[in-house]
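A.B. asks: Using the UniProt record's numbering, the letters of the sequence shown map in sequence onto residues 1 to 360. In this text, a Cβ means the ideal position worked out from N, Cα and C, and glycines have one as well.
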Amino acid sequence: MDDSMFDDTEFEPMPEQKPIHDSEEGSYDRPFGDENDEVDLSLVDADGTTVSVPDDGSKFEIQVPLVKLFGKTFGIKKAVHENLTIAAVINSGLNDGSWNNKILTSLSDAQFEIIRGVFWNDDPNCQLFNNKPDTNRSYGKGIQWYTEFKLGKKTNLTQRSHFGDLQFIHAMGSVVGEEPQDTKNKLVRWLRIMYNLFIGNGIGPDTLVKNTELSAHFNDRTGHGGTTFKGLLMGTTGAYKYPNIQLRAIGSCCHVIEDSYAKGHCRRDNSGTGLIQNFHCYKGQDSGAHGKADGQGGDNPNPNNLDSFNSLYGGRAAINATSEFLSAAAKKQPWEQLVSPVVEKIFALHPNVTRSDTTV
1 MDDSMFDDTE FEPMPEQKPI HDSEEGSYDR PFGDENDEVD LSLVDADGTT
51 VSVPDDGSKF EIQVPLVKLF GKTFGIKKAV HENLTIAAVI NSGLNDGSWN
101 NKILTSLSDA QFEIIRGVFW NDDPNCQLFN NKPDTNRSYG KGIQWYTEFK
151 LGKKTNLTQR SHFGDLQFIH AMGSVVGEEP QDTKNKLVRW LRIMYNLFIG
201 NGIGPDTLVK NTELSAHFND RTGHGGTTFK GLLMGTTGAY KYPNIQLRAI
251 GSCCHVIEDS YAKGHCRRDN SGTGLIQNFH CYKGQDSGAH GKADGQGGDN
301 PNPNNLDSFN SLYGGRAAIN ATSEFLSAAA KKQPWEQLVS PVVEKIFALH
351 PNVTRSDTTV
């Protein structure tokens, strides 16, 4: 759960922005926008700082924005989920060889559809992206997302996914004191439906969400009652002409699994790799401690070097579990045959599991 996509530091008057170079602290690989509110990541180098102009190969420095909002500045966080997912795909049966040696900025548009699914859990309205017909990776500045995160109505998806009834898409309890089996049931149901959407088993992009087992969360009362899965997973970016809703669905599954190994989301035994002892609840948590536990302060690991994830709490376990899930999913067999046993192993509850709380 990339619960706060932005650093939260007190605002100070800023000098005119300078390009951020490799050697400067704060080199990000999520440039949500330049001065024109758009960055085409297909042109961004691996370090996220320079852009190659196609016709002559020349380069110039992009300016990574710092959003000034509500008297504070917000810098962009590290791409933790994205790198975990790429590493998991590389080491899974879903990799047909085309993912080898890939990093976030070298993915094809087709491959990036999985990443859009990974983003969705944190950004269910897709407000971190610009609504463009020909690209799925035009990052916006995130102001609209942050406004809804901080000030939005409790019924909007950003609020519900971080503070309300949809926290299970982050492997968290929806309220303090929620029974762990209830949390598990909800997240497993989400994984099962997204998997069936991925393989086209009774659910397709044009299926109404309210006509599935998710009707308790998506209906005429809660909102999005008439939404299709395509509409749900594309959010405010419906203009894109080449979406792969199936890959977005499996990307959302990756996010849930990865979150379950983050200390701010779940407590597991065996140093964070074993049975689940507690699903935490984000509402009421120390958000700073949560973000730190999610690895937001560290360096970006290299998805082609698993050892680079060793400093990320639960990182290697998250990759292993997600990779095992993707390998089972790649066979596209009925849920009960291959995928369900893997999911049950990943989300096995400790005999002394406790109700959800706000610890980190």
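(1) May I ask which residues mark the beginning and end of the beta strand (DSSP E) holding residue 357?
(2) Decide if residue 337 is buried, meaning its Cβ has at least 16 other Cβ atoms within 10 Å, or exposed.
(3) When DSSP labels each residue in this structure, what does residue 208 get in the three-state scheme?
(4) Is it right to say residue 240 is buried, meaning 16 or more other beta carbons lie within 10 angstroms of its own, or is it exposed?
(5) Please report the straight-line C-alpha distance between residue 229 and residue 169, rounded to a whole angstrom.
(6) Quick one: using the 10 Å Cβ neighbour count with 16 as the cut-off for buried, is residue 213 buried or exposed?
(7) Within this structure, are the beta carbons of residue 257 and residue 330 separated by less than 8 Å?
(8) When the Cβ atoms of the region 124 to 133 are set against those of the region 312 to 327, are three or more pairs found closer than 8 Å?
(9) Can you tell me whether DSSP reads residue 37 as helix, strand or coil?
(10) Drop a sphere of 10 angstroms on the beta-carbon of residue 171, count the other beta-carbons inside from all chains shown, and report buried for 16 or more, exposed for fewer.
(11) For the region 153 to 186, which segments carrying the alpha helix (DSSP H) assignment without a break, of at least 4 residues, lie completely within its bounds, in sequence order?
(12) Between the Cα of residue 173 and those of 276, 132, 269 and 133, spot the shortest distance and give me the residue it belongs to.
(13) Tell whether a beta-carbon distance below 8 Å holds between residue 143 and residue 197.
(14) Starting from the N-terminal side, write out each stretch of the alpha helix (DSSP H) that is 4 residues or longer and does not extend beyond the region 219 to 274.
(15) Compare the beta carbon distance of residue 129 and residue 237 with 8 Å and say whether it is the shorter of the two.
(16) Is it true that the region 307 to 316 meets the region 259 to 267, where meeting means three or more beta-carbon pairs spaced less than 8 Å apart?
(17) Please list the terminal residues of the continuous beta strand (DSSP E) segment that includes residue 103.
(18) Hey, how far is the Cα of residue 156 from the Cα of residue 186?
(19) In angstroms, rounded to a whole number, what distance separates the CA positions of residue 135 and residue 86?
(20) Starting from residue 277, trace the beta strand (DSSP E) both ways and give me its first and last residue.
(21) I want to know whether the region 104 to 124 touches the region 246 to 254 - three or more CB-CB distances under 8 Å.
(22) Whole angstroms is fine: what's the gap from residue 176's alpha carbon to residue 150's?
(23) Can you find at least 3 beta carbon pairs, one from the region 340 to 360 and one from the region 266 to 281, that sit closer than 8 Å?
(24) With DSSP as the reference, label residue 139 as helix, strand or coil.
(25) Measuring CA to CA, which of 264, 194, 108 and 166 is closest to residue 216?
(26) Please list the terminal residues of the continuous alpha helix (DSSP H) segment that includes residue 83.
(27) Output the boundary residues of the alpha helix (DSSP H) element that contains residue 111.
(28) Identify the residues that DSSP records as bridge partners of residue 129: which are they?
(29) Leaving out five residues on either side along the sequence, give the residues of the same chain with a beta carbon under 7 Å from the beta carbon of residue 355.
(30) Compare the Cα-Cα distances from residue 104 to each of 80, 199 and 92 and report the closest residue.
(31) Whose CA, out of 108, 345, 137 and 148, lies closest to the CA of residue 119?
(32) Please list the terminal residues of the continuous alpha helix (DSSP H) segment that includes residue 95.
(33) Suppose contacts are defined by Cβ-Cβ distances below 8 Å. Is residue 188 in contact with residue 343 by that definition?
C.D. replies: Taking the structure as given:
(1) In the DSSP annotation of this structure, the continuous segment of the beta strand (DSSP E) that includes residue 357 starts and ends at 349 to 357.
(2) The residue is exposed, with fewer than 16 neighbouring Cβ atoms inside 10 Å.
(3) Strand, per DSSP.
(4) Under this definition residue 240 is a buried residue.
(5) Going by the C-alpha atoms only, they are around 15 Å apart.
(6) Exposed.
(7) Cβ atoms of residue 257 and residue 330: not closer than 8 Å.
(8) At 8 Å Cβ cutoff, the stretches do not touch.
(9) The pLDDT assigned to residue 37 is 37, lower than 50, so where the model puts this residue is not dependable; a value taken from the coordinates is nonetheless given after this. In this structure, residue 37 counts as coil in the three-state DSSP scheme.
(10) In this structure residue 171 is buried. Its beta-carbon is surrounded by 16 or more other beta-carbon atoms within 10 angstroms.
(11) Within the region 153 to 186, the complete alpha helix (DSSP H) runs of at least 4 residues are 157 to 163.
(12) Distance check between residue 173 and each of 276, 132, 269 and 133 places 276 closest, using alpha-carbon atoms only.
(13) The answer is no: Cβ separation not under 8 Å.
(14) With a minimum length of 4 residues, the continuous alpha helix (DSSP H) runs that stay inside the region 219 to 274 are 229 to 234, 245 to 259 and 269 to 272.
(15) In this structure, residue 129 lies near residue 237, with their beta-carbon atoms less than 8 Å apart.
(16) Contact holds: three or more Cβ-Cβ distances are below 8 Å.
(17) No beta strand (DSSP E) holds residue 103; DSSP gives it neither H nor E.
(18) Between residue 156 and residue 186, the C-alpha separation is close to 19 Å.
(19) Between residue 135 and residue 86, the C-alpha separation is close to 20 Å.
(20) Looking at the DSSP string, the run of the beta strand (DSSP E) that includes residue 277 is 276 to 280.
(21) Yes: the two stretches touch, three or more of their Cβ pairs being nearer than 8 Å.
(22) Going by the C-alpha atoms only, they are around 20 Å apart.
(23) Taking 8 Å as the limit for Cβ pairs, the verdict is that the region 266 to 281 does touch the region 340 to 360.
(24) Three-state result, residue 139: strand.
(25) Comparing Cα-Cα distances from residue 216 to each of 264, 194, 108 and 166, the minimum goes to 166.
(26) Unbroken alpha helix (DSSP H) run through residue 83: 80 to 90.
(27) Where residue 111 is concerned, the enclosing alpha helix (DSSP H) stretches over 109 to 120.
(28) Beta bridge pairing from DSSP links residue 129 with 139.
(29) 177, 178, 179 and 180.
(30) Answer by Cα proximity: 80.
(31) Of all alpha-carbon atoms in 108, 345, 137 and 148, the one lying nearest the alpha-carbon of residue 119 is that of 137.
(32) First-last for residue 95: undefined, no H or E at that position.
(33) Yes; because the gap between Cβ atoms is below 8 Å, this pair is in contact.
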